[in-house]
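Structure first, then comments.
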Amino acid sequence: MEFTPSKLNTFLLLKLPSAYISGVRVKQISREQCTVTVKHRWMNQNPFNSMYFAVQAMAAELTTGAMVMLHIKESGKKISMLVANNKGTFTKKARGRITFLCTDGHLIKEAIDRAIATGEGQTFWMKSTATDEAGDIVSQMEFEWSIKAK
11 MEFTPSKLNT FLLLKLPSAY ISGVRVKQIS REQCTVTVKH RWMNQNPFNS
61 MYFAVQAMAA ELTTGAMVML HIKESGKKIS MLVANNKGTF TKKARGRITF
111 LCTDGHLIKE AIDRAIATGE GQTFWMKSTA TDEAGDIVSQ MEFEWSIKAK
């Protein structure tokens with residue numbers, strides 16, 4: 011699969027329909043960073059008139075996982091990937107269009123190179139920060155990815 015926002019959004023529709031239906035969309039991806047947006051609406055709300063935390067988690071995870079997938083493809087090796095752990099902090103109600111940004115792409119290649127060289131599984135943490143339209147941080151999530159060369 012080619013790693014463009016359009017192709018990744020089609021992937022969401024086919025493989026992660028709950029994220030697609032909730033409005034999660036990839037806006038930009040490169041080897042270093044990924045941007046995903048989602049707009050607060052009736053379909054993805056919680057009882058407190060803001061975006062449900064699980065929708066935020068899906069968008070945040072996508073910012074990290076899409077880059078892991080891109081780096082694995084570029085390596086040309088068969089490598090499995092799995093979220094081993096996650097943590098999140100919510101600082102403000104998520105209303106309006108929320109933008110999730112991860113700039114930790116530099117961590118992935120090093121982990122892939124170690125996994126290939128040693129044959130052992132590797133783990134690394136990546137952070138995604140969510141901001142509202144005013145630029146205020148609404149949440150930060152971290153995901154511990156586990157990768158292993160097959």
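Just so you know, we're using the working numbering here: the sequence shown kicks off at 11 and counts up by one. For every residue, glycine included, the Cβ atom is placed at its ideal position computed from N, Cα and C.
Burial state of residue i, where buried means 16 or more other Cβ atoms lie within 10 Å
| i | result |
| --- | --- |
| G33 | buried |
| F58 | exposed |
| Q132 | buried |
| M79 | buried |
| M53 | exposed |
| H116 | exposed |
| M77 | buried |
| G75 | buried |
Close Cβ partners of residue i (< 6 Å) along its chain, the five nearest in sequence each way excluded
| i | result |
| --- | --- |
| V36 | P15, L18, N19, V46 |
| T73 | C44, V46, F110, C112, S138 |
| M61 | H50, N54, A104 |
For residue i, the first and last residue of its enclosing beta strand (DSSP E)
| i | result |
| --- | --- |
| L26 | Neither: L26 is in no beta strand (DSSP E) and is coded neither H nor E. |
| E154 | 147 to 159 |
| G98 | 89 to 100 |
| S60 | Taken as a continuous stretch (DSSP letters only), S60 belongs to no beta strand (DSSP E), as it is neither H nor E. |
| V46 | 44 to 49 |
Segment limits, alpha helix (DSSP H) that includes residue i
| i | result |
| --- | --- |
| R124 | 116 to 128 |
| F63 | 63 to 85 |
Own chain partners of residue i with C-beta closer than 8 Å, once the 5 adjacent residues on each side are dropped
| i | result |
| --- | --- |
| M67 | It is Ala, not Met, that sits at residue 67 in the sequence shown. Cβ within range, chain order: N96, G98, M151. |
Among the options, the one whose alpha carbon lies nearest that of residue i
| i | options | result |
| --- | --- | --- |
| T128 | H116, I157, R107 | I157 |
| K49 | E130, I108, T141 | I108 |
| D114 | K103, E130, W135, A104 | W135 |
| I89 | G75, E42, T101, I126 | I126 |
| I39 | E12, K87, A159 | E12 |
Sequence-distant residues of its chain with Cβ nearer than 7 Å to residue i (five each side left out)
| i | result |
| --- | --- |
| L22 | A29, Y30, V34 |
Query - Touching by the beta-carbon criterion (3+ pairs, under 8 Å), the stretch 149 to 157 and the stretch 82 to 102 - result: These segments touch.
Notebook entry, point to check: Within the chosen definition, does the stretch 138 to 148 reach the stretch 115 to 124 through at least 3 CB pairs nearer than 8 Å?
Noted result: Cβ pair count under 8 Å is below three, so no.
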